[in-house]
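Numbering (this note's numbering), first residue to last: 131 to 420. Don't be surprised by glycine CBs; every beta carbon is placed ideally from N, CA and C. Here the structure is a predicted model, which is why all the values come from computation and not from measurement.
Structure follows, in structure tokens:
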């Protein structure tokens with residue numbers, strides 16, 4: 131089976147290997163050993179075909195089983211037919227998620243265009259606990275920026291950047307609207323503002339930084355559709371975040387910067403009408419709304 135998959139990495143048979151560890155009851159220590167061996171096999175398969183989604187999906191399935199073993203604390207594990215990851219957040223599991231973040235980073239560094247690796251990374255970034263997300267955000271954004279400047283027309287990094295912005299939006303803006311139900315001590319421990327109101331400021335700060343960076347990129351690469359799209363999505367997140375500004379700092383930032391952002395957005399939309407004429411109706415509508 132192993133040799134067959136190595137020689138034929140595009141087959142969809144990897145999921146069938148689950149039967150090796152789930153037919154009957156197996157002691158936990160044996161299960162963990164087998165699962166770690168499966169992860170090593172996935173690593174080998176991805177050397178043959180680095181974007182193969184069957185293998186990436188199977189790797190996520192194996193990690194899910196590892197989490198299940200650790201979670202159950204039981205002597206045995208039985209079959210799981212659900213390949214999706216749907217679990218409650220628990221910092222104890224971060225060791226698995228962070229290991230997958232590191233593995234996906236290795237694959238991204240080998241090839242900036244590996245969308246499968248970016249998708250894998252986005253899955254595990256979303257599963258990290260709040261403190262880990264906050265700690266990793268600067269490096270994640272810097273990686274996106276470096277990839278965009280290196281390969282401005284590669285859509286893979288922009289899709290990951292879009293998911294990263296959406297995660298940030300949920301993280302910072304949801305925290306700012308929790309109100310009196312917030313666990314202030316827990317938020318401070320995670321790196322968020324104690325009462326949530328300053329979290330909008332943090333998010334706006336990130337957005338301003340990358341609006342300016344991407345504005346420079348589109349000057350360097352005026353014909354890059356994806357650079358323009360990256361700037362547009364950052365501006366749109368800024369507009370939504372600024373609309374929820376509640377602190378003095380955030381309101382002042384919004385007032386001083388909003389006209390500048392509006393001008394950038396109009397310029398980007400005009401450029402996209404040229405760079406991406408297939409979606410001209412969307413851009414025209416956004417121009418009317420701007």
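| Item | Value |
| --- | --- |
| Sub-7 Å separation of residue 405 and residue 355 beta-carbons | yes |
| CB contact flag (residue 287, residue 298, <7 Å) | no |
| Proximity winner among 285, 374, 270, relative to residue 360 (alpha-carbon distances) | 285 |
| Three-state secondary structure (DSSP) of residue 232 | helix |
| Residue 282 versus residue 362 - alpha carbon distance | 14 Å |
| Residue 234 versus residue 295 - alpha carbon distance | 19 Å |
| As assigned by DSSP and simplified to three states, the class of residue 370 | helix |
| Member of 176, 291, 178, 195 whose CA lies at the smallest distance from the CA of residue 162 | 195 |
| Runs of beta strand (DSSP E) lying entirely within the segment 251 to 283, each at least 3 residues, in chain order | none |
| Cβ-based burial, residue 349 [other Cβ within 10 Å; buried from 16] | exposed |
| Counted within 10 angstroms of its Cβ, other Cβ atoms place residue 358 as buried (16 or more) or exposed | buried |
| Burial state of residue 300 (16 or more Cβ within 10 Å) | exposed |
| Residue 337 vs residue 374 beta-carbon contact at 7 Å | no |
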